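Peer 1:
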Amino acid sequence: MSHVQTTSSLVAHARSIANLKFQNNSGSPNADKVCAVALDLSNLNNHYALFSGGPGFQELTSIVSNGSSPGAAKVTITSRLEAFLRSKAGGGFSDDQIKHKGYDPHGRGAMNCAEPKMYYLLRYQLNQSLRNWVLIPFNQNQSQILYNPPCKNCRRWVYQHFHYLSAWVARNQAGMSALVK
Ligand SMILES: [Zn+2]
90 MSHVQTTSSL VAHARSIANL KFQNNSGSPN ADKVCAVALD LSNLNNHYAL
140 FSGGPGFQEL TSIVSNGSSP GAAKVTITSR LEAFLRSKAG GGFSDDQIKH
190 KGYDPHGRGA MNCAEPKMYY LLRYQLNQSL RNWVLIPFNQ NQSQILYNPP
240 CKNCRRWVYQ HFHYLSAWVA RNQAGMSALV K
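In this note's numbering, each residue's number is its place in the sequence shown (first place is 1) plus 89.
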């Protein structure tokens with residue numbers, strides 16, 4: 090299969106996962122809300138999906154705390170993700186860029202996106218090698234589930250960590266500009 094065929098079948102699979110997650114979500118539709126889907130390329134039945142922002146942080150906290158009090162999980166998630174995003178491999182963000190406003194015109198901090206939450210889930214919680222996972226983010230516009238490439242904050246680090254098809258998907262779905270930092 091060509092890369093284009095491979096990426097379009099991966100996107101279709103990921104879109105059905107995102108669609109189900111948006112359908113089951115009780116919150117109101119919001120064009121800013123991203124659902125990042127990660128697919129295990131060695132077994133496509135193995136996948137995760139997390140929302141951006143506060144809802145995604147709650148989802149991740151609930152997985153990490155696993156029935157215990159969420160306070161300690163919140164502290165661990167925040168400190169590990171901040172340390173990662175500050176590091177060169179994590180994009181080299183300042184504390185202010187992490188919490189308030191990074192490089193993207195959406196004006197939110199680098200922590201806010203769904204992508205760092207997925208990074209945490211796979212790397213720290215599930216002890217996975219990120220290179221085996223392709224990352225495919227979506228958002229919802231009315232009833233449509235649209236591919237939503239990593240923002241300019243996330244582009245500083247995601248393609249170096251997730252499977253290289255993540256960048257191919259971005260390019261095929263959203264054009265070369267989706268790779269520009
Ligand atoms: Zn982002």
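Note that CB positions come from ideal geometry on N, CA and C, so glycine has one too.
Note that the structure is predicted; figures quoted are calculated from it, not measured.
1) For the segment 253-269 against the segment 155-170, are there 3 or more C-beta pairs whose distance is under 8 Å?
2) Out of curiosity, what's the CA-to-CA distance linking residue 110 and residue 169?
3) Identify the continuous beta strand (DSSP E) that holds residue 222 and give its terminal residues.
4) Under the criterion of a Cβ to heavy atom distance below 7 Å, does residue 237 qualify as lining ligand 1?
5) Contact check, residue 137 vs residue 166 under 8 Å by CB: the rounded distance?
6) At the level of alpha carbons, what is the spacing between residue 131 and residue 251?
7) For residue 233, does the three-state DSSP call read helix, strand or coil?
8) Where does the unbroken alpha helix (DSSP H) through residue 269 begin, and where does it stop?
9) Is it buried or exposed, residue 134, if we count other Cβ atoms within 10 angstroms and call 16 or more buried?
10) Relative to ligand 1, is the shortest distance from any of its heavy atoms to the C-beta of residue 240 smaller than 7 Å?
Peer 2: Let me spell this out:
1) Taking 8 Å as the limit for Cβ pairs, the verdict is that the segment 155-170 does not touch the segment 253-269.
2) Taking the first residue of the sequence shown as 1, we reach residue 110 at position 21. Taking the first residue of the sequence shown as 1, we reach residue 169 at position 80. If I take the Cα positions, the gap works out to 26 Å.
3) The residue you call residue 222 lines up with position 133 of the sequence shown. The continuous beta strand (DSSP E) containing residue 222 extends over residues 222-230.
4) If you number the sequence shown from 1, residue 237 lands on position 148. Not so, every heavy atom of ligand 1 lies at least 7 Å from the Cβ.
5) For the purposes of this step, residue 137 is taken as residue 48 along the sequence shown, with counting starting at 1. For the purposes of this step, residue 166 is taken as residue 77 along the sequence shown, with counting starting at 1. Not a contact, Cβ separation roughly 15 Å.
6) Against the sequence shown, residue 131 aligns to sequence position 42. Against the sequence shown, residue 251 aligns to sequence position 162. Using only the alpha carbons, I get a separation of about 14 Å.
7) To locate residue 233, count along the sequence shown from 1; it is residue 144. Of the three classes helix, strand and coil, the one that applies to residue 233 here is strand, per DSSP.
8) As a first step, residue 269 must be located in the sequence shown, where it is residue number 180. Judged by DSSP secondary structure, residue 269 falls outside any alpha helix (DSSP H); it is assigned neither H nor E.
9) Locating residue 134 in the sequence shown gives position 45, counting from the first residue. Residue 134 should be labelled exposed.
10) Sequence index remark: in the sequence shown, residue 240 carries index 151 (1-based). Yes, the Cβ of residue 240 comes within 7 Å of a heavy atom of ligand 1.
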